[in-house]
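**Q** This structure is in C-alpha cells; I'll ask about it shortly.
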Amino acid sequence: MGLRKILTVKEPALHKVCKPVTSFDPKLHKLLDDMAQTLIDANGVGLAAPQVGILRRVVLVDVGGEDGAEILELVNPELVETDGEQEGPEGCLSVPGKYGLVKRPWYAKVRAQDRNGEWFEAEGEEIIARCFCHELDHLDGIVYTQVMERFLTKEELEED
Ligand SMILES: [Zn+2]
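End of the sequence shown = 171 in this note's numbering, gap-free, step of one.
Here's what the structure looks like:
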C-alpha cells in the first residue's frame, strides 16, 4: 500500500474522460488499495482515479458505517437511477479549502463492477447520492466547480 499524490484542479488529468477498466489484475488491486489509504489519510468522502493521475473509471466512496470508514469500490460505475433533488455545500480534495453550492439528486443508484469484475448495484441518499454523482462526474473530466451555482463564502460556511 502507498499514498498517492492528490492532484489539484489545475492539472490536465482532472479534465479528461477516463477509460474503462478491462483488466481486474493485481495492478488494479494495488490502485484500489492505494486510493483507499489516500482517501482515509486525506479525510475525504470520495476519491476518483483521475485525482491521483490515473485515467481509468475507478472511484471510492466512503459510505460510512457506524464503526467508521466503510469504503465502497466502484469500477466502471454507471448512474442507473436518480430521484429528487438536494442543494448544498460540496467540496473536493482536488479543490482544497473551498466549498460550492451544488444541486444533486437526493437519491442515486449506481451499477458497477467490484475489484474482481463482478457487477453489483449500490444506492444511497443525501451525502452518499451527492458523492456518487460527484465522483462519477470526475470520470468524465467534470469537477464540481463546473456545475456549481457559486462558491460559498467563509461566513456561510461558518454558519453550519
Ligand atoms: Zn472531487
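No residue lacks a Cβ here, since even glycine has one placed at the ideal position from N, Cα and C. These numbers come from a predicted model, not from an experiment.
Does M145 pass the burial test, meaning 16 or more other C-beta atoms within 10 Å, or should it be called exposed?
**A** Reading off the sequence shown, one finds His at residue 145, where the question assumed Met. It is buried - the Cβ of H145 has at least 16 other Cβ atoms within 10 Å.
**Q** Roughly how many angstroms separate the alpha carbons of V74 and K27, rounded to a whole number?
**A** 26 Å
**Q** Quick one: using the 10 Å Cβ neighbour count with 16 as the cut-off for buried, is G135 buried or exposed?
**A** buried
**Q** Which full runs of the alpha helix (DSSP H) of 4+ residues lie inside the region 132-171, going along the chain?
**A** 137-150, 165-170
**Q** Rank A53, L43, I51 by C-alpha distance to the C-alpha of R68 and give the top, closest one.
**A** L43
**Q** According to DSSP, simplified to helix, strand and coil, what is D36?
**A** Residue state, collapsed to three classes: coil.
**Q** DSSP has A80 in a bridge; who is on the other side?
**A** Checking the DSSP bridge columns, you'll see A80 has no partner listed.
**Q** Closer than 7 Å by C-beta to E170: which residues in its own chain qualify, once you throw out the five before and the five after it? Chain order, please.
**A** none
**Q** Would you call the region 30-45 and the region 91-105 touching, i.e. three or more CB-CB distances under 8 Å?
**A** no
**Q** In terms of residue numbering, what span does the beta strand (DSSP E) encompassing Y118 cover?
**A** 118-124
**Q** Cα separation between E77 and V56?
**A** 15 Å
**Q** Taking its Cβ as the centre, do 16 or more other Cβ atoms sit within 10 Å of A59, making it buried, or is it exposed?
**A** Taking every protein chain shown into account, the CB of A59 has 16 or more other CB atoms within 10 angstroms, so this residue is buried.
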